[in-house]
Amino acid sequence: MLRRPAASLALLLAVQCMGAVLVPHSLAEQVGPAVQARGAWGVDSLLLQFAQRREVRAQFVEVKHLRLLARPLVVSGTLLYQAPDLLEKRATTPNVEILRVEGDWVTVEIPARRIRRSLSLQDNPVLWVFVESLRATLAGDAATLARFHRITMHGDARAWRLELAPIEPAMRAVIASIDISGRGHTIREIEVRESRGDRSVMTILEGGG
Amino acid sequence: MRSVWVFALLGVALALCAALLLRTPVSGDLSAFLPRSPSPAQQLLVDQLREGVVSRLVLVALEGESEGTGSTQLAQLSETMRGRLAADPHFVSVNNGARGPLEAEGQLLFERRYLLSPAVTPARFTRDGLHAALERNLELLASPVSMLASEWIAADPTGEMLELMDLLDAGDGPQKRHGVWFSRDGSRALMILQTQAEGYDLEAQAAAVQSIRWAFAHARAQAGMPARLLLSGPGVFAVSARHAIKHDALRLSLIASMLASALLLYAFRSLWIVVLTLIPVTCGALAGAAAVSLGFGAIHGVTLGFGMTLMGEAVDYAVYLFTHIDARNSAASALRRLWPALVVGMLTSVFGYGAMLFSGFPGLAQLGLFSIVGVMAALLVTRVVLPRLVPDDLAVLELAHLAAPMRCMMSPLQRLRLPAAALVVFGLAWLVSQGGARWDDDLSSLSPIAQADKALDQALRADLGAPDVRHVLIVSGTSAQGALEAAETMGEALEPLRAQGHIAGFDSPARYLPSMSAQRARQAAIPDAPTLEQRMNEAAEGLPYRSEIFKPFLAAASAARVSALLERADLERSAYALKLDSLLLERRGTWYAILPLRGVADVSPVSYAAQRTGLPGAVLLDVKQEADALYRGYRDRALLFALIGAAAMFVLLWGALRSLRRAFDVALPIVGAIVTACLVLAVAEVRLTLFHLVALLLVAGVGSNYALLLERRALLAGDSVRSLAAVVLCSGSTVIAFGLLALSSTPVLSAIGSTVALGAVLIVVFALMFGPRPDELVMFRKH
């Protein structure tokens with residue numbers, strides 16, 4: 004029942020990062036006609052489109068429904084992704100908190116508390132699975148993604164929902180599922196369901212940052 | 081005496097020795113070659129080296145055999161091995177970085193968090209203290225760590241568990257790849273194992289090492305990949321050193337005795353004579369071992385191995401006898417003529433080896449006793465038994481043909497007298513002026529570990545970020561509680577030093593088992609259940625927490641208030657038990673708490689802070705410096721006894737030969753050879769260790785026989801060609817035996833081997849060089 008903070012932290016970071024990466028709100032402009040012309044809409048074509056971005060900027064509002072709290076916690080801030088491997092989630096309210104993933108390193112910074120901690124992504128195999136699935140997503144590598152998650156696609160090109168269910172038991176003990184939904188080529192919402200009942204919904208706001 | 085009685089007596093004596101030996105345990109404890117310590121702190125140090133946690137450490141590295149073996153596969157191998165070894169009773173802990181503290185430790189920390197955490201103070205449980213904690217938790221819930229936080233906040237809102245993990249998990253761990261420890265360059269997967277057995281228990285260590293090898297072979301076969309297993313650690317070293325010594329000693333001495341036998345066979349052309357030469361040495365070894373058994377209760381494996389080599393002199397006795405038998409002299413009469421020289425030679429050896437008895441190293445003392453009794457018994461057997469076994473029809477050694485080559489050798493040598501004398505005089509002056517500089521003052525130089533193994537150990541330690549602890553604070557008390565309280569006081573004094581960066585951190589037994597008074601104070605810091613609940617409600621006002629969710633906290637805190645105190649027994653089955661035992665120990669009624677310091681930037685504030693605690697008997701120990709000083713002290717003592725032994729040898733020679741001049745003639749080649757051997761070692765940049773000292777004593781012991789036989793008056797008076805042949809034969813077999821030993825990969829063996837081989841050659845060279853001119857000798861005049 005006790006998990007090391009570093010491991011759990013890393014796990015969480017990874018979940019959050021994943022949300023951040025899958026934010027191709029301006030995807031429509033970037034995706035070439037070749038992809039459109041292929042016709043059949045599916046995981047493959049969606050991933051292929053994601054792989055084409057160089058940079059993504061957005062604003063987010065995350066609503067956390069926690070068992071401990073009587074009312075939901077609302078966190079908001081900005082998201083940044085730069086190809087090939089930089090991610091930054093910068094919360095501005097209620098507390099300033101910066102989460103940065105670059106290469107193999109994750110850094111958490113809480114300026115008010117003068118906390119700045121870095122840890123290697125390779126520190127944890129569960130995390131590694133997460134990151135690899137992230138990279139596979141970026142690379143449009145559906146095969147690798149499928150190695151770590153059971154992927155289910157709902158809806159159609161206009162309104163879709165990508166359901167990722169971790170295959171690894173160690174992951175499943177923490178994360179029940181990650182749902183990414185969007186319209187066309189834009190991600191609108193990421194919902195993370197924890198195995199113990201907590202739930203967070205992150206809404207991606209258009210025209211951010 | 082009738083021969084029958086002699087043989088019966090010999091048989092009974094040998095049977096008694098053998099019976100005694102069969103009941104004598106052979107110990108493999110290498111620390112017998114560590115000094116016996118005078119001060120309690122130093123004794124503690126030696127004990128730690130023998131049986132401390134450090135001595136139970138096994139460092140394991142898995143390395144790909146080719147470029148093709150990736151880190152993924154090595155990580156997998158590491159996990160398979162961990163799974164297998166974790167269930168192995170040889171090990172109390174198996175860690176490859178996967179998972180954090182073991183389940184048992186985590187459980188223990190969590191259940192006993194209010195007794196263990198030094199942050200438990202009354203202020204923490206006031207309304208304000210609790211409010212601050214709850215606000216902090218709210219931030220955690222908003223942060224990405226909410227997943228972790230929500231798990232424990234309800235039961236531990238004040239965060240004692242995090243506090244404990246920070247405290248006990250300090251230190252830079254190794255890097256991880258794929259969830260397990262790796263070297264920085266990613267080429268080696270790493271593991272740390274702790275054996276159940278103490279480091280000096282070589283049998284158990286060997287079994288543990290075997291377990292690791294099996295687990296590796298099993299895992300590798302399962303994965304089907306080419307990988308290499310690298311092992312390091314005190315126990316591993318001890319086992320491999322024993323193996324190497326056994327292996328080297330056995331193999332080399334087999335080869336050596338075969339070669340030496342071949343030499344004797346060539347000289348005497350009689351297998352029976354070769355067999356006879358072995359009788360005195362065998363009897364001597366049995367007697368020596370029996371004496372050690374009586375004197376020490378056990379015999380060290382190394383003593384047996386080295387003792388045999390030290391008794392090389394005993395082989396010579398028989399050779400002296402056989403070379404001196406000729407048409408006019410039967411065995412008995414040859415022996416009568418040789419006897420004075422043999423006795424004086426034996427006594428000089430005994431005086432030389434006597435120095436080892438007083439060296440202060442139990443191992444060396446055993447070696448000394450073994451050799452002294454051994455050579456005495458061997459000479460006795462040579463005198464009493466051998467003549468009765470020499471066949472009447474022994475082919476007389478025809479040595480005339482040796483005269484010419486010997487003359488060729490002596491003439492040019494004697495022309496070098498002046499330069500050689502100058503070399504010895506100036507060499508001696510230089511060595512004396514060098515003082516301690518030529519000595520290896522590092523205690524580790526005594527360890528029989530090959531240099532490559534040491535380098536591997538250092539590499540693995542660096543990879544694991546586990547540098548050797550160098551500074552240690554020791555506090556004491558009359559009871560375990562007293563020592564723990566002292567450790568707590570010292571810990572409080574060290575905390576500010578850590579904050580100021582004078583030290584990177586420290587460990588303390590009180591972290592694993594706080595003193596009872598500290599535990600009671602923590603219990604007293606927690607208010608009673610109604611008060612705590614009321615304060616908690618007040619603290620949560622205005623914060624969005626659901627009511628009633630802190631019930632687990634209220635229950636745990638209330639239970640901790642009245643729970644039984646944590647005891648040593650509660651730590652059993654967790655890795656902390658071993659940790660505690662290594663940091664809290666009892667020696668002769670006094671309890672010691674050991675606080676290892678990490679990253680000491682400056683010693684003076686530490687010693688100042690330690691003094692200011694006013695704790696009686698608090699000692700700041702620089703482990704390395706202390707150990708080296710310890711070693712230096714013993715080396716100086718051993719050197720002193722060696723010099724006394726040398727002086728005694730000279731006085732003995734003087735008395736026995738009844739002439740200062742003759743004593744000088746005998747001593748000169750010995751001194752010359754020893755000085756020159758030291759010079760050669762110095763030029764070869766070999767730093768001298770205690771084992772070189774032993775080797776030089778052996779040179780003096782064996783060499784005194786050569787020098788006595790080749791002494792001017794003896795050569796002029798006696799049958800010079802036989803004496804020369806005897807010495808050439810004996811030194812030849814000594815050089816063969818010890819020259820082979822020099823090839824050993826074990827530092828101890830090669831140090832002794834090279835020094836003795838060199839010394840044996842040099843003594844003969846010096847004796848011939850400063851001996852009579854060839855034309856003075858009868859043997860050469862005939863030509």
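For the record, the sequence lines run as chains A and B. According to this note's numbering, the first sequence is numbered sequentially starting from 4. According to this note's numbering, the second sequence is numbered sequentially starting from 81. For each residue, glycine too, the CB sits at the ideal point set by N, CA and C. Fair warning: this is a prediction, and the values are worked out from it, not measured in the lab.
Residue interval of the beta strand (DSSP E) (run including residue i)
i	result
residue 586 of chain B	583 to 586
residue 158 of chain A	152 to 158
residue 55 of chain A	Segment: none, residue 55 of chain A is in no beta strand (DSSP E) and carries neither H nor E.
residue 81 of chain A	76 to 85
N-terminal and C-terminal residue of the alpha helix (DSSP H) that residue i is part of
i	result
residue 409 of chain B	No alpha helix (DSSP H) holds residue 409 of chain B; DSSP gives it neither H nor E.
residue 832 of chain B	827 to 849
residue 298 of chain B	282 to 303
residue 775 of chain B	770 to 790
residue 172 of chain B	Premise fails: residue 172 of chain B lies in the beta strand (DSSP E), 171 to 175, not in any alpha helix (DSSP H).
residue 664 of chain B	That residue, residue 664 of chain B, is in no alpha helix (DSSP H); its beta strand (DSSP E) goes 664 to 667.
residue 519 of chain B	Neither: residue 519 of chain B is in no alpha helix (DSSP H) and is coded neither H nor E.
residue 396 of chain B	392 to 403
Contact list for residue i against chain B, beta-carbon separation under 8 Å
i	result
residue 73 of chain A	624, 625, 626, 627
Distance CB(residue i)-CB(residue j) smaller than 9 Å
i	j	result
residue 193 of chain B	residue 174 of chain B	no
residue 574 of chain B	residue 648 of chain B	no
residue 760 of chain B	residue 838 of chain B	yes
residue 645 of chain B	residue 195 of chain B	yes
residue 210 of chain B	residue 619 of chain B	yes
residue 306 of chain B	residue 461 of chain B	no
residue 589 of chain B	residue 675 of chain B	yes
residue 66 of chain A	residue 189 of chain A	no
residue 504 of chain B	residue 582 of chain B	no
residue 1 of chain A	residue 208 of chain A	Residue numbering for chain A in the displayed model covers 4 to 212; residue 1 of chain A lies beyond these limits and cannot be assessed.
residue 415 of chain B	residue 487 of chain B	no
residue 317 of chain B	residue 155 of chain B	no
residue 677 of chain B	residue 586 of chain B	yes
For residue j and residue i, the rounded distance between their alpha carbons
i	j	result
residue 198 of chain A	residue 153 of chain B	31 Å
residue 274 of chain B	residue 660 of chain B	14 Å
residue 197 of chain B	residue 238 of chain B	11 Å
residue 427 of chain B	residue 752 of chain B	20 Å
residue 364 of chain B	residue 459 of chain B	8 Å
residue 673 of chain B	residue 617 of chain B	42 Å
residue 604 of chain B	residue 276 of chain B	38 Å
residue 371 of chain B	residue 450 of chain B	7 Å
residue 563 of chain B	residue 638 of chain B	29 Å
residue 162 of chain A	residue 223 of chain B	30 Å
residue 82 of chain B	residue 470 of chain B	15 Å
residue 257 of chain B	residue 342 of chain B	59 Å
residue 456 of chain B	residue 366 of chain B	12 Å
Contact set between residue i and chain A, taken where Cβ atoms lie within less than 9 Å
i	result
residue 221 of chain B	67, 69, 71, 72, 76
Proximal residues of chain B, C-beta to C-beta of residue i below 7 Å
i	result
residue 169 of chain A	The contacting residues do not exist; residue 169 of chain A stays about 14 Å from chain B at best.
residue 192 of chain A	The contacting residues do not exist; residue 192 of chain A stays about 18 Å from chain B at best.
residue 100 of chain A	223
Contact list for residue i against chain A, beta-carbon separation under 7 Å
i	result
residue 233 of chain B	71
Cross-chain neighbours of residue i in chain B, by beta carbon under 9 Å
i	result
residue 97 of chain A	218, 219, 222
Near the ligand GDP: residue i beta-carbon under 8 Å from a heavy atom
i	result
residue 846 of chain B	Here there are no bound small molecules, and the ligand GDP is not part of this structure.
Interface flag, residue i vs chain E, CB-CB below 9 Å
i	result
residue 204 of chain A	Protein chains A and B are contained in the structure displayed, whereas chain E is not.
message: Check whether the segment 730 to 738 of chain B and the segment 811 to 818 of chain B are in contact - that is, three or more C-beta pairs closer than 8 Å.
response: In this structure the segment 730 to 738 of chain B does not touch the segment 811 to 818 of chain B; the number of beta carbon pairs closer than 8 Å is below three.
- prompt: Does the count of Cβ pairs from the segment 437 to 450 of chain B and the segment 320 to 338 of chain B closer than 8 Å reach three?
  reply: Too few Cβ pairs lie closer than 8 Å, so no.
field: Three CB pairs or more closer than 8 Å across the segment 135 to 143 of chain B and the segment 301 to 316 of chain B
entry: Verdict: yes, contact present.
- request: Count the C-beta pairs between the segment 617 to 633 of chain B and the segment 653 to 668 of chain B that are closer than 8 Å, then say yes if the count reaches three, no if not.
  value: No, because fewer than three Cβ pairs between the segment 617 to 633 of chain B and the segment 653 to 668 of chain B fall closer than 8 Å, the two stretches do not touch.
The segment 833 to 850 of chain B / the segment 770 to 786 of chain B touching (three or more Cβ pairs under 8 Å): Yes, they touch.
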